[in-house]
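Peer 1: Got a structure for you, written out below as structure tokens; questions coming shortly.
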Amino acid sequence: MTQDLICIRHASENDAPQISEIHETSWRLAYQGMLPHLALEKSIARRGPGWWQSQLQRSRSTLVLEMHGEIGGYATIGRNRVTKLPYHGEIYELYMKPTYQGLGLGSRLFNAARRTLESRDASNMIVWALKDNSAACRFYEGLGGRPVAEQNEKFGSELFRKIAFGWAVT
Ligand SMILES: CC(C)(COP(=O)(O)OP(=O)(O)OC[C@H]1O[C@@H](n2cnc3c(N)ncnc32)[C@H](O)[C@@H]1OP(=O)(O)O)[C@@H](O)C(=O)NCCC(=O)NCCS
Numbered sequence: 000m001t002q003d004l005i006c007i008r009h010a011s012e013n014d015a016p017q018i019s020e021i022h023e024t025s026w027r028l029a030y031q032g033m034l035p036h037l038a039l040e041k042s043i044a045r046r047g048p049g050w051w052q053s054q055l056q057r058s059r060s061t062l063v064l065e066m067h068g069e070i071g072g073y074a075t076i077g078r079n080r081v082t083k084l085p086y087h088g089e090i091y092e093l094y095m096k097p098t099y100q101g102l103g104l105g106s107r108l109f110n111a112a113r114r115t116l117e118s119r120d121a122s123n124m125i126v127w128a129l130k131d132n133s134a135a136c137r138f139y140e141g142l143g144g145r146p147v148a149e150q151n152e153k154f155g156s157e158l159f160r161k162i163a164f165g166w167a168v169t
């Protein structure tokens, strides 16, 4: 009997150390040289294993992709935070471990996050990505996301442009 070695499931408190490590390494890879150094390090330090553990205790809003018992990426989901945009759901974050990137696994996790939002009555959804993060923007465009809004976000003393990609009901 063959089994799918890749599973996507809700994260539990026990996953906090691995998720925290993925957050740290993938943020460094994605944002070093883009965001101000100190602001990036502060964001990373703020979200250590303890922070993730309390998040995971509080809500079922984190999905993980697991392969051979190792977590290769995570996504956090919930209600759209920008209420003036006509979207119900939002993928807040989607980060793959650097060694798991470019293998089609981020797309699988994205689709699972989208299905989970749909099962919670979020019939449409958005994802924000920094405009300078061209790899992420291409990734979301490739998955059918349409740019629907732009905003500034402050890191340290600098403003960065971010884009909301929107998806209608499937
Ligand atoms: C962005 C990210 C989630 C994509 O996941 P992934 O597993 O690497 O992507 P996949 O292998 O599923 O790629 C799917 C498509 O996205 C596009 N893509 C992914 N990474 C890309 C990159 N670095 N440059 C250009 N296109 C890219 C490709 O078009 C690919 O399509 P293809 O199958 O035609 O080649 C992942 O690379 C990641 O975690 N990056 C760092 C963190 C980040 O930027 N997260 C998003 C924050 S908003």
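Using numbering that gives the first Met the number 0, you'd call the opening residue of the sequence shown number 0 and step up by one each time. The beta carbon of each residue, even a glycine, is placed where N, CA and C say it ideally should be.
1) Using CA atoms only, rank isn't needed, just tell me which of A163, I162 and M66 is closest to L108.
2) What number of angstroms, rounded off, separates the C-alpha of Y73 from the C-alpha of H22?
3) Which same chain residues, not among the five before or five after M0, have their C-beta less than 8 Å away from its C-beta?
4) Alpha carbon to alpha carbon, how far is Q100 from V147? Give it in angstroms, no decimals.
5) Inspect the CB distances between the stretch 85-98 and the stretch 35-49 and report whether three or more fall short of 8 Å.
6) Relative to the C-alpha of Q52, which candidate in L142, A15, L102 and R145 has its C-alpha closest?
7) On the DSSP letters alone, give me the boundaries of the beta strand (DSSP E) that L64 sits inside.
8) Helix, strand or coil: how does DSSP classify Y86 here?
9) Hey, out of R8, E149 and H9, whose CA is closest to V81's CA?
Peer 2: Let me lay it out:
1) Considering only alpha carbons, the answer is M66.
2) When rounded, the distance between both Cα atoms is 9 Å.
3) Any reading at M0 must be qualified, since the residue scores a pLDDT of 44, below 50, and its modelled position is unreliable; the value itself is stated next. Answer for M0: no residue qualifies.
4) Taking C-alpha positions only, V147 is separated from Q100 by approximately 26 Å.
5) Result no; under three Cβ-Cβ pairs closer than 8 Å.
6) Among L142, A15, L102 and R145, the Cα nearest to that of Q52 is on A15.
7) Per DSSP, the continuous beta strand (DSSP E) segment holding L64 begins and ends at T61 to M66.
8) Look at Y86 here: in three-state DSSP terms it is coil, with no helix or strand label.
9) Checking every option, the nearest Cα to that of V81 belongs to E149.
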